[in-house]
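With full-length UniProt numbering applied, the sequence shown has no gaps in its numbers, which climb one by one up to 118 at the end.
No residue lacks a Cβ here, since even glycine has one placed at the ideal position from N, Cα and C.
Written out below as C-alpha cells is the structure these notes cover.
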Amino acid sequence: MEADRVIRALSGLAQEHRLAAFRLLVQAGEQGLAAGVLAEKLDVPPSSMSFHLAQLANAGLVTQRRESRSIIYSADYAAMNGLMGYLTENCCGGLSCSDDTSCSEDATCLPSPQRKSA
1 MEADRVIRAL SGLAQEHRLA AFRLLVQAGE QGLAAGVLAE KLDVPPSSMS
51 FHLAQLANAG LVTQRRESRS IIYSADYAAM NGLMGYLTEN CCGGLSCSDD
101 TSCSEDATCL PSPQRKSA
C-alpha cells in the first residue's frame, strides 16, 4: 500500500462516527449494512451518516451497492488488510509480527499471553 492511500485511509477513520461505522461494517461481514441501519445504530442523522460513509468510500475503506431503494455499504477487507499490513510491516524491530507474538514498548516481541490490550 502506498503512503498516500494510507494517509487517506487513516484520515477517513480519524472521526468518531466514521470509525464506529467502519467497525460495524467490519463486524457485519460481506453482506454489509444499509446506510439507514448504520445511522440508527449510531444515533446519527441519516444525512450526516451519508456524509461520513462518503468519506469512508473516498478513503477506499468501504464499497457500496444498491439493493432496491437502499444503499448497502460493506467494509473493503482488502483495503483494511493492506492498511494493517502497512502499519505492522516493520513491527517488532523488523521481525515478522505473527499471531504468536506482539511488540512491547521497546520493540521486543512478546508471546501472546503477555500481550497488552488497547
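Measuring straight from C-alpha to C-alpha, what distance separates residue i and residue j?
i, j, result
"H52", "C92", "34 Å"
"V26", "G36", "17 Å"
"K41", "A78", "25 Å"
"E16", "M49", "12 Å"
Indicate whether residue i and residue j have their beta-carbon atoms separated by less than 9 Å.
i, j, result
"A14", "L38", "no"
"S11", "A75", "no"
"L19", "Y73", "no"
Excluding the 5 residues preceding and the 5 following residue i in the sequence, name in chain order all residues of the same chain whose CB lies nearer than 6 Å to its CB.
i, result
"M1", "G82, Y86"
Under 8 Å Cβ to Cβ from residue i, same chain only, skipping five residues before and after it: list those, please.
i, result
"N45", "The sequence as given places Pro at residue 45; Asn does not occur at that position. Here the set comprises A39."
"Q55", "G12, Q15, R18"
Near residue i, which residues of its chain fall below 7 Å by C-beta distance, leaving aside the five closest residues on each side in sequence?
i, result
"A9", "A59, G60, L61, A79, L83"
Taking DSSP as the reference, what is the three-state secondary structure of residue i?
i, result
"Q15", "coil"
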